[in-house]
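Chemist: Dumping the structure here so I can ask a few things about it.
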Amino acid sequence: MSRLTLLVGIAALICAPGVTRAQPPGATQPSAATGNAENGRQLFLAYSCWACHGYGAIGGTGPRLAPSRFATAAGLTMFVRNPPTMPPYSIQVLSDAQVADIWAYLQSLPRPAGAKDIPLLNQILMEK
Amino acid sequence: MARSRSRSVDRRTFLKSAVSGAAVVAAAPSVAGAEQAPRPTRPSAVVPSARALAPDVGAPLVPVSPRFIEQPGSDFMLDVVKSLKLEFVTANPGSSFEGLHESIVNYGGNTMPELLTCLHEESAVAMAHGFAKVDGKPIMVMLHGNVGLQHASMAIFNAYADRVPVFIIVGNHMDAAVRRGGVNWYHSATDMALMVRDFIKWDDEPASLGHFAESAVRAYKIAMTPPMAPVVMVVDVELQEQPRPAGTLRVPRLTMTSPPMGDAGAVREAARMLVNAEMPFIMAQRCARTPTGIALLVELAEALQAPVGAGGVDRGGSSVSDRMNFPSRHPLCGAGWAGYEPDVTLGLEVQDMSDAARSASARGGKSISISAEDLFLKSNYQDFQRMAEVDLAIAADAEATLPSLIEEVKRQLTPDRKRAAQARGAKLADAHRQARATDLETAATGWDASPISLARLSAELWAQIKNDDWSLVSWQNFISRWPYRMWNFEKHYQYLGGQGGGGMGYGAPAAVGAALANKKHGRLSINIQGDGDLNYAPGVLWTAVHHKIPLLTLVYNNRGYHAEVMLVQRVMSVRNRGADHAHIGTTLRDPFIDYAKMAQTYGMYAEGPTADPKDLAGAIARGLERVRRGEPALIDVITQPR
């Protein structure tokens, strides 16, 4: 039996809003990397990033990450090392190069369409 | 009902000679038949006539078997049950209630209640749980002694935690002197209800039929008085099977208890606080027990121009609750605009007010609770939640208290306060429009993704059901509440909430039970069903087919126990051990489970797995075609996690 209330609460805690936050000013930047998108896709699946952020990073319990909200791989690296709410990933678990690969994967994802461009959603929007 | 013309026989006498009697019966279809039979060619196969046996048995046999029982006690028990107008009884068969079983089918003509065949006791109770949330009334469940009750206990706990009435009868072999040896001893208990007493509202084990009548009517009345909860009647096998005693037995008259209303002074004070608030917030959870409850909540919200949600503003202001309380497209639905910090929060049947109370206090605000929970507490299971430090606690049923609260609010609203409320209402309506637009923009993300997004699934479904009289009979919290964010929820049966106690295995059977209640109204029942939940007791799919219960089930198949995937991942991360093993023990892979085949095995129309969003509309249309013809159908959809 699941402890649903607890789970929902914790899931929200793990995955919610932190990704949108800016990196701390003046922090030491990890080495710049452009990353390998295909390797990043495999890491995104293997390290359960999809669990909160959805397959294809479309969002779920956690926020949408497609395309990445971080302008640089270094920004994402800084964030995952000590995020405010989601689980932290140390360099022993995910190297800077691996995080850069994940960043490259997120950058490669297509920008989503707007609701008004999707007839079914537009129709719902028009309903009273 | 056909009845024997013979006298009845005492059961104890019968049981003492059961073995020898059984041998005679096996050899003798009927004495009368033997007398009319043609002369045998093989004497060894012929039953001797009564005359031929006389030298051996010493006396002529009675011409009709003395084993026949006239007017068994269970017939009277059924008379009592019928007086409660219980429409259905769900059961997985068990020998400890076979007397009542027989009475229902034959003496009662299998109607009011009609017996439904369940493949697991947990499903039997969960079906009753779902039924009651649509119908507002319980149905009956029959459970086998010990083992049936143990199977059912998870579902009983869910119904208890969800404050839903279920009328449960459990068989028991009370009298050890006549209890047959072997397995019946495993199915007997000195205090049968003990194992569930912590999570039911009342139980009894009557010693006589008169006692049964009084306790059954009392049990129904207790179950239906808010806060509602399951009740258990333990019924002795002998009491069911022995003839009813001579003399008058009567069925007591049922008079329902009116639900408790809030104290007039406290209600007046609550109204004063709300009317004078600048940012009031109404937090409604198990508030609307009836369709009237929704209308009353709308009236209160509109009088105050206060937003209505299910969770605290500080916790995201979730608008969907464990009951259908408030129309999803009402301008006051939601948590208010960004930065809306309530100075007065009104909780209506909120299970956990502690966060809202603490947040209100931290802001210098106030909180009010109206809940019948304060009148019903038990010690062991911790469903009473954290101590809520509210400023005003009214121990009363919220729905019953709303009329007097509305009257007080309207009486205390001065022209100035009305103007302030109207100004607030305009801003809230704007915030509601913006929130809806934001939701739909979010839904656009991953629109063409495979696995299919839950937003896409909900939108495709809505497009095909919105002109029907529909009812969503499943929980939404694991699918990011997409239906409530997109669909137009207005009526009490359009949303029923979740398990109550957080026990998995509720979803499928509760959906079937709710669909059963919807069936007589011709409503279209929709179940968006988790794959993990379905695997607990999938046999309920057969029950839906067998009893022709129309229900469209869309399995949102994320191929795992997804909450646990996230939790295990979190633990791995904070221990700095990686997160690449979070799938172990949490996912359903190698092999994938084919839910369409599973449903087809139970005789249900099914399709899938469907992973391409372009195929989804067609699959839904074909499923709905079956459901609109009165059948259940299932579509297996490979989805995003949430």
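These protein sequence lines map, in sequence, to chains A and B. If you count the first sequence from 1, you need to add 970 to reach this note's numbering. If you count the second sequence from 1, you need to add 1418 to reach this note's numbering. The beta-carbon is built from N, C-alpha and C at its ideal position, and this holds for glycine as well. These figures come from a predicted structure and were not determined experimentally.
#1: Mapping the DSSP letters down to three states, classify B:Lys1784 as helix, strand or coil.
#2: With distances taken Cα to Cα, identify the nearest neighbour of B:Gln2018 among B:Leu1959, B:Pro2031, B:Ala1550.
#3: Leaving out the 5 sequence neighbours to the left and right, which residues in its chain are closer than 7 Å to B:Asp2030 when beta-carbon positions are compared?
#4: Counting only beta-carbon separations shorter than 7 Å, does B:Ala1570 have a partner in chain A?
#5: If we cut at 7 Å on Cβ distances, does A:Thr1047 have a partner in chain B?
#6: A:Pro1057 CB to nearest chain B CB: under 7 Å?
#7: For B:Pro1927, which of helix, strand or coil comes out of DSSP?
#8: Quick check on DSSP: helix, strand or coil for A:Asn1006?
#9: Check whether chain A comes within 7 Å of B:Gln1882, counting only Cβ atoms and requiring the distance to be less than that.
#10: Below 7 Å between beta carbons is the criterion; list the residues of the stretch 1643 to 1659 of chain B that meet it against any residue of chain A, in chain order.
#11: Which one or two residues does DSSP pair with B:Phe1699 in a beta bridge?
#12: Rounded to the nearest angstrom, what separates B:Met1691 and B:Ala1753 at their Cα positions?
#13: For B:Asn1590, would you say it is in contact with chain A, using Cβ-to-Cβ distances shorter than 7 Å as the test?
#14: For B:Ala2035 and A:Pro1089, what's the separation of their Cα atoms in angstroms?
#15: From the beta carbon of A:Thr1031, is the nearest beta carbon of chain B less than 7 Å away?
#16: Looking at the unbroken alpha helix (DSSP H) that takes in B:Met1691, where does it start and where does it end?
#17: Is there a Cβ from chain A that is less than 7 Å from the Cβ of B:Arg1829?
#18: Just to make sure I have the definition right: I need the residues of chain D whose C-beta is within less than 9 Å of the C-beta of A:Gln1068. Which are they?
#19: Could you check whether B:Val1507 and B:Met1558 sit closer than 7 Å to each other, using their CB atoms as the reference points?
#20: Counting C-beta neighbours from all protein chains within 10 Å, is the total for A:Arg1011 16 or more, i.e. buried, or is it exposed?
#21: Going by other Cβ atoms of all chains shown within 10 Å of its Cβ, with 16 needed for buried, is B:Asn1524 buried or exposed?
#22: On a CA-only basis, which of B:Ser1739, B:Ala1719, B:Leu1722, B:Gly1680 is nearest B:Gln1703? Give me that one, please.
#23: Tell me, which residues are paired with B:Leu1972 by DSSP?
#24: Which bits of chain A does B:Ala1861 rub up against, with CB to CB less than 7 Å?
#25: So for B:Phe1585, helix, strand or coil by DSSP?
#26: Are the C-beta atoms of A:Pro1080 and some chain B residue less than 7 Å apart?
#27: Would you mind sorting B:Lys1619 into buried or exposed? The rule is 16 or more other CB atoms within 10 Å of its CB.
#28: Contact between the stretch 1621 to 1637 of chain B and the stretch 1559 to 1570 of chain B is defined here as three or more beta-carbon pairs at a separation below 8 Å; is this criterion met?
#29: Please list the terminal residues of the continuous beta strand (DSSP E) segment that includes B:Trp1620.
#30: Closer than 8 Å, Cβ to any Cβ of chain B: which residues of the stretch 1010 to 1030 of chain A, in chain order?
#31: Among the residues of its own chain, which have a CB less than 6 Å from the CB of B:Asp1381, if the five just before and after it don't count?
#32: If you scan the stretch 1873 to 1931 of chain B from start to end, which runs of the beta strand (DSSP E) of 3 or more residues do you find wholly inside it?
#33: To which residues of the same chain is B:Arg1581 closer than 7 Å at the C-beta, ignoring the five residues directly before and after it?
#34: Classify B:Met1674 as helix, strand or coil using the three-state DSSP reduction.
#35: The alpha helix (DSSP H) spanning B:Thr1819 covers which residue range?
Modeler: Answer, in terms of the structure:
#1: strand
#2: B:Leu1959
#3: Ser1868
#4: no
#5: no
#6: yes
#7: helix
#8: coil
#9: no
#10: none
#11: B:Thr1763
#12: 19 Å
#13: no
#14: 14 Å
#15: yes
#16: 1682 to 1693
#17: no
#18: In the displayed structure, chain D is absent; the protein chains listed are A and B.
#19: yes
#20: buried
#21: exposed
#22: B:Ser1739
#23: B:Ile1946, B:Ile2053
#24: Ala1085, Leu1091
#25: strand
#26: no
#27: buried
#28: no
#29: 1620 to 1622
#30: Ala1016, Tyr1017, Ser1018, Trp1020, Ala1021, Cys1022, Gly1024, Tyr1025, Gly1026, Ile1028, Gly1029, Gly1030
#31: It is not possible to answer for residue 1381 of chain B, since the shown part of chain B is limited to 1419 through 2060.
#32: 1888 to 1890
#33: Pro1645, Met1646, Ala1647, Arg1704
#34: coil
#35: 1816 to 1830
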